[in-house]
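Working notes, structure below.
4 protein chains.
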Amino acid sequence: MSGTKPRLRVAMVGYGFMGAAHSQGWRVAPRFFELDAEPELTVIVGRDAARVEAAREKFGWMRAETDWRRVVEDSAIDVVDICSPGDSHAEIAIAALDAGKHVLCEKPLANTVEEAERMVAAAERAAARGIRSMVGFSYRRVPAIGFARALIADGRLGDIRQTRAEYLQDWLVDENGPMTWRLDKSQAGSGSLGDIGAHAIDMIQYLTGTTVEAVSGTLATFVTERPLLGESRGLSGTASAERGRVTVDDAAWFTGRLAGGAIGSFEATRYATGRKNAFRIEISGNRGAIAFDLESMNELQFYDATAPAGERGFTRILVTEPEHPYMANWWPTGHLIGYEHAFAHEVRDFVDDITAGRDPVPSFADGLQVQRVLEAVELSAANGSAWTETGGAR
Amino acid sequence: MSGTKPRLRVAMVGYGFMGAAHSQGWRVAPRFFELDAEPELTVIVGRDAARVEAAREKFGWMRAETDWRRVVEDSAIDVVDICSPGDSHAEIAIAALDAGKHVLCEKPLANTVEEAERMVAAAERAAARGIRSMVGFSYRRVPAIGFARALIADGRLGDIRQTRAEYLQDWLVDENGPMTWRLDKSQAGSGSLGDIGAHAIDMIQYLTGTTVEAVSGTLATFVTERPLLGESRGLSGTASAERGRVTVDDAAWFTGRLAGGAIGSFEATRYATGRKNAFRIEISGNRGAIAFDLESMNELQFYDATAPAGERGFTRILVTEPEHPYMANWWPTGHLIGYEHAFAHEVRDFVDDITAGRDPVPSFADGLQVQRVLEAVELSAANGSAWTETGGAR
Amino acid sequence: MSGTKPRLRVAMVGYGFMGAAHSQGWRVAPRFFELDAEPELTVIVGRDAARVEAAREKFGWMRAETDWRRVVEDSAIDVVDICSPGDSHAEIAIAALDAGKHVLCEKPLANTVEEAERMVAAAERAAARGIRSMVGFSYRRVPAIGFARALIADGRLGDIRQTRAEYLQDWLVDENGPMTWRLDKSQAGSGSLGDIGAHAIDMIQYLTGTTVEAVSGTLATFVTERPLLGESRGLSGTASAERGRVTVDDAAWFTGRLAGGAIGSFEATRYATGRKNAFRIEISGNRGAIAFDLESMNELQFYDATAPAGERGFTRILVTEPEHPYMANWWPTGHLIGYEHAFAHEVRDFVDDITAGRDPVPSFADGLQVQRVLEAVELSAANGSAWTETGGAR
Amino acid sequence: MSGTKPRLRVAMVGYGFMGAAHSQGWRVAPRFFELDAEPELTVIVGRDAARVEAAREKFGWMRAETDWRRVVEDSAIDVVDICSPGDSHAEIAIAALDAGKHVLCEKPLANTVEEAERMVAAAERAAARGIRSMVGFSYRRVPAIGFARALIADGRLGDIRQTRAEYLQDWLVDENGPMTWRLDKSQAGSGSLGDIGAHAIDMIQYLTGTTVEAVSGTLATFVTERPLLGESRGLSGTASAERGRVTVDDAAWFTGRLAGGAIGSFEATRYATGRKNAFRIEISGNRGAIAFDLESMNELQFYDATAPAGERGFTRILVTEPEHPYMANWWPTGHLIGYEHAFAHEVRDFVDDITAGRDPVPSFADGLQVQRVLEAVELSAANGSAWTETGGAR
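Residue numbers (full-length UniProt numbering), protein chains in the order written: chain U, 1 to 394; chain Z, 1 to 394; chain L, 1 to 394; chain X, 1 to 394.
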């Protein structure tokens with residue numbers, strides 16, 4: 001809005017759920033945070049001309065485009081924000097980085113370790129030229145999570161021995177729910193493991209400041225066939241008598257050895273009846289512990305084991321104080337923020353990093369590390385849950 | 001953004017906390033809801049030219065103005081949104097309505113019953129000409145509250161006997177906190193009673209679909225003198241040795257008789273140590289009960305007294321389902337919304353009412369009713385807590 | 001069980017709900033606490049010979065008796081424990097004290113201030129001769145409450161400004177529930193006010209270490225007629241077409257001025273749908289706050305306003321540590337206790353006081369003070385909620 | 001107490017934590033439940049004459065004995081209640097059963113599968129002669145658990161797909177805490193796995209009505225050396241510079257395949273900082289779910305997936321209604337019970353089974369099944385977490 005600030009012209013590829021969330025992030029961040037560049041919602045990209053035009057109007061972008069290659073080639077674009085399905089990430093991100101665009105890429109970074117490795121290589125080449133890249137594990141930007149990270153980094157939990165991450169949803173509980181592309185391995189790559197388990201892995205690695213070195217994992221598919229919809233790939237329409245084969249995991253469990261000696265337990269499931277988006281995290285050390293549930297995302301539970309014995313307990317911190325990450329820019333104490341605020345924070349940090357010339361986190365390398373853990377879990381599960389290294393040697 | 005939709009050109013008066021929240025409402029509502037007119041953030045109004053210009057840039061308005069009278073006279077303006085202090089509401093709202101502008105006025109409607117009555121008269125004159133007015137009790141638009149209202153309207157609580165509304169904050173707990181204009185009756189009109197007690201009154205009247213007919217009330221000021229700041233009216237600066245006199249209530253308690261025979265208890269305080277924005281509501285009937293806390297605004301507790309005896313209990317409903325008010329337009333199940341979403345909902349409803357030619361609620365008359373209860377509480381408190389009618393005869 | 005310890009021979013008058021709880025207290029206390037005298041469940045007293053014999057067997061007393069005067073005259077009795085209805089307390093307690101028996105009297109101390117005053121006089125006469133008396137406000141002996149009292153006494157809450165006590169039950173919600181003696185003023189004396197409101201008053205006075213000096217109160221009866229049972233005074237039997245008149249309060253609300261300047265709000269109701277025994281307490285000071293709910297009686301919520309800003313919040317203390325009152329004698333950390341444990345604690349303290357030659361608390365004078373507040377609330381309610389002194393001059 | 005009821009003369013072996021809990025169960029059960037035989041606390045048995053005499057007096061038994069063989073041979077004893085360490089269970093239980101005594105044996109049934117198998121054989125021989133045996137998984141008798149079992153048996157959860165059981169304690173968090181016999185495999189047999197993991201296994205098998213058929217498990221010991229106390233086996237005394245080797249697991253994780261196709265995840269740990277006795281259970285089916293935490297043992301969370309979409313949520317059932325298992329015999333609605341009440345329920349059921357001539361549950365065979373799962377977890381953990389059958393073929 002100000003004539004003095006440089007503009008940052010953004011092209012966003014994709015217009016589904018993540019497109020809506022990212023659009024809101026780009027729109028809102030500059031209204032609440034002081035940015036050194038003003039993001040401009042320049043162009044939205046999607047293959048279907050009619051749909052992308054509808055998304056353009058709904059999400060408030062200036063123009064629509066059907067070929068991502070054109071925005072990559074467009075010298076008027078500064079940033080490419082990739083919200084398209086995982087199998088398209090590598091190609092778009094590498095092209096955009098090589099063309100000198102800063103890239104924000106939704107998680108998971110890619111569908112395979114090999115793709116992710118090529119993306120990291122492209123990101124490193126680009127960084128050498130001052131081009132920035134970030135993978136969108138947006139939950140790192142939930143203030144309660146940022147505050148938990150600060151407590152841990154300050155040593156308030158002491159030596160961490162155990163972590164517990166459970167990402168619980170229940171949208172597959174009904175066995176007559178329809179077959180969708182998300183349940184077809186050839187299209188989705190993975191089931192709950194890659195979709196929500198990836199968040200769990202990134203979160204534990206982020207909060208503990210370490211990596212998962214080896215895993216023993218189990219995958220299960222509870223409902224192996226589901227009714228096909230008339231429209232084969234969508235979620236709407238009427239169920240037919242025909243049934244399709246579910247080829248991804250419904251739920252995943254794994255135990256991981258963290259660098260430093262802690263043991264983490266992980267679960268990702270779409271069958272946790274009654275849990276809608278319950279991403280629950282607990283981290284225990286010899287000086288304290290934290291607990292978090294995304295269904296109460298404005299709260300952090302903190303246990304200080306160094307308090308007087310009679311006064312110990314989990315403190316419910318309402319993470320709405322000016323002292324908490326990002327919160328000074330929102331509302332007065334006690335006023336909550338919602339899911340999409342994490343995207344405004346992501347935009348804030350990404351723009352700050354671009355204008356300050358810093359490499360953002362989580363980096364593509366961080367995204368690759370998650371990919372390696374995912375792959376190791378699949379290998380372990382296919383091998384009778386045998387312990388499997390996550391390929392740190394690579 | 002669409003060329004086909006009519007625009008709704010908005011002028012917003014005021015640029016404090018409420019200005020930020022309303023700006024976000026106007027900006028975001030059309031991106032998530034299908035509106036029949038596209039709001040345009042046309043002009044922001046404030047007395048201080050430099051400050052209003054800074055607010056214009058920060059909040060993203062097209063131009064700034066220092067005299068509200070000019071926007072009232074401006075034929076290019078469709079809506080006047082009043083976020084300025086309460087003592088200015090009546091003059092601006094009446095002028096705007098008389099000039100044919102739709103008016104959204106922040107709560108409380110006015111500082112006195114007399115002002116509120118003149119505003120209602122203006123609103124009624126305007127309504128006869130198709131001009132709409134609404135008072136901004138935005139908490140009615142929290143989805144959990146809207147859903148509670150629906151349960152009550154459907155008879156799920158049966159005959160309501162008791163209501164309990166406690167609006168608890170703690171920002172005055174420190175007795176060395178500074179004197180501010182909010183603690184000076186000549187400027188603020190009232191203390192916790194008018195500021196947050198007004199929300200409690202509107203909420204109970206809304207949820208029960210009835211009115212408070214008589215009250216017995218008590219007001220207290222715990223800290224009667226506070227250090228003056230160098231800058232006498234602001235919150236920043238260093239405290240001086242000089243002290244100012246607190247002339248408003250720190251806390252208010254009252255019992256109210258509701259039309260229909262229920263009894264409500266009310267509390268509003270800024271001394272509830274540890275409660276940041278805990279607006280807690282409980283309503284009990286012979287068939288069920290609800291409980292709500294604004295600090296967990298995405299949750300509604302519902303007790304169904306008609307369930308089998310062994311299965312009764314308060315159900316924590318995570319109010320994020322498509323079946324819940326407003327929520328189908330936001331994120332998937334289990335993803336939370338925040339404080340300012342209520343303002344997007346307010347804008348959605350106000351715009352819908354304008355385009356559909358309906359009178360919005362809460363109306364100015366609803367705002368006047370709250371004012372009458374506030375006045376009765378003050379009278380009762382000044383009269384030894386004697387029961388005082390709220391002037392329903394008027 | 002040990003031959004060396006003196007016995008303390010107890011006579012208990014009454015065998016209803018409180019008789020069961022007191023019997024358990026006398027039986028269990030010596031098994032978990034080191035007492036200097038061994039209580040003996042010597043005689044249980046009730047007017048109906050068959051019923052008292054059944055109670056004797058069920059509760060495990062050595063013999064039964066139908067006339068309380070005989071146990072008062074019996075030199076083999078050391079303690080009289082009064083669990084009979086409130087209108088019998090004064091006569092029995094005064095006779096027992098005058099006969100040199102230690103007396104434990106259930107709350108409320110009496111049905112009137114006049115009776116309570118005579119009981120206090122008798123207790124004072126007895127104390128001069130080394131005879132002890134205690135009124136049974138057993139909730140003082142819930143460990144979480146004892147720990148809260150210790151925090152407050154240590155100044156951890158600082159200057160207390162507000163208290164909030166709500167005793168919520170719902171057993172009258174069904175308007176077709178039967179008429180019982182508890183709803184008849186001539187028999188019960190009072191409704192929810194005297195029954196559960198008395199607990200609220202004692203608790204706030206105990207926790208704050210102060211007294212309620214004046215009140216403004218309101219009483220309400222929501223259902224004024226209820227079906228009479230065939231058996232007029234019992235709870236069982238079939239409802240008839242005939243209806244009886246409810247002459248006590250269903251719910252009571254009052255605001256009280258505490259010595260020292262704090263304001264307390266109080267509510268007692270049997271119409272809080274879904275709340276079974278929710279005795280909720282909140283106390284706020286300028287350095288901290290506590291919150292408690294009897295439905296989660298092993299937990300205390302403590303807010304330390306002196307903690308670093310970002311780390312403040314209510315800490316859920318699971319009150320099961322050896323550092324907490326009474327808990328070292330029960331189970332390992334994390335194992336809960338129940339309702340009746342408070343009676344074992346009451347017996348422990350009463351026996352300790354007797355053997356150590358100390359006057360117990362709460363004393364009959366404490367019970368009288370509660371009675372004065374109850375009376376003032378009734379006077380205020382009858383007088384349009386006018387502020388009424390609690391008779392501190394007496 | 002009644003002359004007409006037969007007596008049931010009990011000998012209890014052991015006088016530690018479990019001895020205290022069982023004593024309370026035997027003492028209290030007949031005071032709250034109608035039993036057809038009156039238990040008599042006849043004799044308490046322990047090897048150390050002075051200690052067992054002190055325990056006799058403290059716990060209220062009639063006489064003390066130092067050799068369990070004498071009570072097994074004593075024709076005046078009807079019941080042997082075994083609370084001694086696990087390595088003594090088999091010998092005592094088999095001798096007692098063969099001598100015609102009913103046997104209640106604390107969990108875990110034995111330290112090895114082989115011992116447990118011999119105990120089951122003895123129990124089967126005894127059952128043929130009308131002699132009863134029960135293993136003391138007392139948490140089955142927590143009312144909230146019994147009610148959960150009833151809901152599941154009634155099909156309210158539908159087809160169960162997932163279970164989650166986490167038994168979390170934190171008493172080993174301090175790495176300078178002393179070495180004790182519980183951390184020495186030669187004495188304790190196992191660490192957290194056998195101690196609290198056994199509860200988790202029994203609970204899931206009980207609630208689902210099925211068995212764990214195969215497991216993949218991991219064990220970890222975080223602190224491998226701890227200071228030795230002057231007194232080598234006790235918990236008291238001062239720590240020396242000498243250190244002992246911890247040879248049991250500090251924490252255990254395993255995934256189990258349940259008969260019927262559900263997958264269960266299990267965790268048992270003594271390093272869950274801030275969790276004191278948090279035995280947390282979640283069971284998810286296609287029609288509903290339950291959640292439970294032993295730290296809030298009077299509550300059951302129940303989710304009914306068949307409720308209207310907008311009204312679904314976890315209902316916090318306060319399990320204190322007469323409709324709930326065992327609760328009609330305790331206090332009015334809303335009054336909590338504690339940890340040891342489960343032992344009174346255990347006694348009630350055991351005595352009822354004896355007098356009615358029924359075989360109690362959980363049986364020794366149920367205890368053996370738990371033992372088999374424990375063994376399979378240890379085998380799996382020793383074998384790189386490979387999936388291991390629990391020996392259902394036996």
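We treat Cβ as the ideally placed atom computed from N, Cα and C, and that holds for glycine.
Chain-ordered neighbours of residue i on chain X, where CB pairs are closer than 7 Å
| i | result |
| --- | --- |
| A309 of chain Z | E321 and E323 |
Residue i: first and last residue of the uninterrupted alpha helix (DSSP H) it sits in
| i | result |
| --- | --- |
| H341 of chain Z | H341 to A356 |
| D202 of chain Z | A198 to T208 |
| D81 of chain X | Per DSSP, D81 of chain X belongs to no alpha helix (DSSP H); it is in the beta strand (DSSP E), V79 to I82. |
| E225 of chain L | Taken as a continuous stretch (DSSP letters only), E225 of chain L belongs to no alpha helix (DSSP H), being part of the beta strand (DSSP E) at E225 to L229. |
| G367 of chain Z | F364 to A382 |
| A29 of chain X | F17 to F32 |
Proximal residues to residue i (C-beta, below 7 Å), its chain only, five neighbours per side dropped
| i | result |
| --- | --- |
| V120 of chain U | F364, A365 and L368 |
| S138 of chain Z | A342, F343 and E346 |
| L379 of chain L | T388 |
Chain-ordered neighbours of residue i on chain L, where CB pairs are closer than 8 Å
| i | result |
| --- | --- |
| G146 of chain X | Those within 8 Å of G146 of chain X in chain L number zero; the least Cβ separation is about 16 Å. |
Per DSSP, the bridge partner or partners of residue i
| i | result |
| --- | --- |
| L151 of chain L | Bridge partners of L151 of chain L: none, in fact. |
| H102 of chain X | X:V79 |
| A278 of chain L | L:L168 |
| T163 of chain X | X:G264 and X:I283 |
| W253 of chain L | L:T218 and L:E267 |
| L258 of chain U | U:V212 |
| F302 of chain L | L:I290 and L:T315 |
| P39 of chain X | X:L8 |
Under 8 Å from the C-beta of residue i: neighbouring residues of chain Z
| i | result |
| --- | --- |
| L336 of chain X | Going along chain Z, no residue has its Cβ under 8 Å from L336 of chain X, so there is no contact; the nearest lies around 14 Å. |
| L104 of chain X | Residues of chain Z passing the Cβ test: none, with the nearest at roughly 29 Å. |
Same chain only: Cβ atoms within 6 Å of residue i, ignoring 5 sequence neighbours per side
| i | result |
| --- | --- |
| P6 of chain U | A37 |
| V142 of chain U | M297 and A342 |
Residue i: contacting residues in chain U (beta-carbon distance under 7 Å)
| i | result |
| --- | --- |
| H341 of chain Z | G338 |
| P143 of chain Z | Within chain U, no residue comes near P143 of chain Z; the closest Cβ sits about 11 Å away, beyond 7 Å. |
Run of the beta strand (DSSP E) containing residue i, from where it starts to where it stops
| i | result |
| --- | --- |
| V246 of chain Z | Note, V246 of chain Z: premise wrong, no beta strand (DSSP E); not H, not E. |
| A291 of chain Z | G288 to D293 |
Cutoff 8 Å; reference residue i; Cβ partners in own chain excluding five residues on either side
| i | result |
| --- | --- |
| residue 400 of chain Z | Past the boundaries of the shown model lies residue 400 of chain Z; chain Z is included only from 1 to 394, so the question cannot be answered. |
Chain-ordered chain X contacts of residue i [CB-CB under 9 Å]
| i | result |
| --- | --- |
| T269 of chain L | Per Cβ cutoff of 9 Å: no residues; T269 of chain L is ~13 Å from chain X at best. |
The ligand ZN heavy atom lying under 7 Å from the CB of residue i
| i | result |
| --- | --- |
| L368 of chain Z | By its list of ligands, the structure shown contains no ligand whatsoever, and the ligand ZN lies outside what it can speak to. |
* Report yes or no: do the stretch 309-329 of chain Z and the stretch 294-314 of chain X share at least 3 C-beta pairs separated by less than 8 Å? => Yes: the two stretches touch, three or more of their Cβ pairs being nearer than 8 Å.
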